[in-house]
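Next comes the structure, spelled out in structure tokens:
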């Protein structure tokens, strides 16, 4: 199993541009989530999904959209990038909703200029 | 929501000694507490969790202690090794599907 994969690893955007961060898992996990990690801080939940077709907002959802059309994929879309969205983004999955052993991807480092 | 905090941002420990990483939480309604390890340049990795109705849980070389009276959580690592160098995060679940993470403690191993 590849586990949780994320692309791209690095990305630079200009303010106002949009893009999609890709996340996929091959473990047939029910729960998937997106976090952002800023320097010196813990992770903050952006959006999560408890199954295909079901998504919900986390702690910091503004400026981001998600969809879950399949069990495997959970892309994160930045609608109009802002410098405040400069961060490292992690995708994670777990076998069941409420299972706290989450498996994380390697992260995407995003810089918005 | 309420936040999880850590007492110390950096902890230096001699190789072979035991490490104790502390965490304070403020939401007495949290039902699960979890420890993650993050090595440089990687995503967090699950270590161990503990339910709020427990005081202690042991894993391989790690022990988590929960003191609900003072809202304190600790992670003990026995016989610390160079591979234990990382940032350690505690996180809590408030009964929904979301984890609230602390800011992290960096563990440095001295040879």
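Residue numbers (my numbering), protein chains in the order written: chain A, 8 to 120; chain B, 864 to 974.
A virtual CB, placed ideally from N, CA and C, is assigned to each residue, including glycine.
- According to DSSP, residue pairing for residue 97 of chain A in a beta bridge involves A/42.
- Its chain contains 914, 915, 956, 957 and 958 as the residues whose beta carbon lies nearer than 8 Å to that of residue 894 of chain B, once the 5 sequence neighbours on both sides are disregarded; these appear in chain order.
- Counting other Cβ atoms within 10 Å of its Cβ, residue 949 of chain B reaches 16 or more and is therefore classed as buried.
- In the DSSP assignment, residue 66 of chain A forms no beta bridge with any residue.
- Taking 8 Å as the cut-off, the Cβ atoms of residue 972 of chain B and residue 932 of chain B do not count as close.
- Shown in chain order are the members of the stretch 86 to 113 of chain A whose Cβ falls below 8 Å from a Cβ of chain B: 97, 99, 104, 105, 107, 108, 109, 110, 111, 112 and 113.
- With contact defined as three or more Cβ pairs closer than 8 Å, the stretch 28 to 38 of chain A and the stretch 68 to 86 of chain A are in contact.
- Counting along the chain, residue 14 of chain A sits inside the beta strand (DSSP E) bounded by residues 11 to 14.
- By a beta-carbon distance limit of 8 Å, residue 86 of chain A does not contact residue 18 of chain A. Their separation comes to about 15 Å.
- Non-local C-beta neighbours of residue 114 of chain A in its own chain, meaning closer than 7 Å and more than five positions away in sequence, comprise 13, 95, 96 and 97, ordered along the chain.
- In terms of Cβ geometry, residue 904 of chain B and residue 49 of chain A do not form a close pair [threshold 8 Å].
- The beta carbon of residue 68 of chain A sits closer than 7 Å to the beta carbons of 53 and 54 from its chain, once the five residues preceding and following it are set aside; these are given in chain order.
- When rounded, the separation of the alpha-carbon atoms in residue 101 of chain A and residue 57 of chain A is 10 Å.
- For residue 58 of chain A, the uninterrupted beta strand (DSSP E) segment begins and ends at 50 to 58.
- When the five nearest sequence neighbours on each side are left out, the beta carbons in the same chain lying within less than 7 Å of the beta carbon of residue 15 of chain A are those of 115, in order along the chain.
- For the stretch 40 to 53 of chain A, the beta-carbon criterion of a distance under 9 Å to any beta-carbon of chain B is satisfied by 40, 42, 44, 47, 48, 49, 50, 51 and 52.
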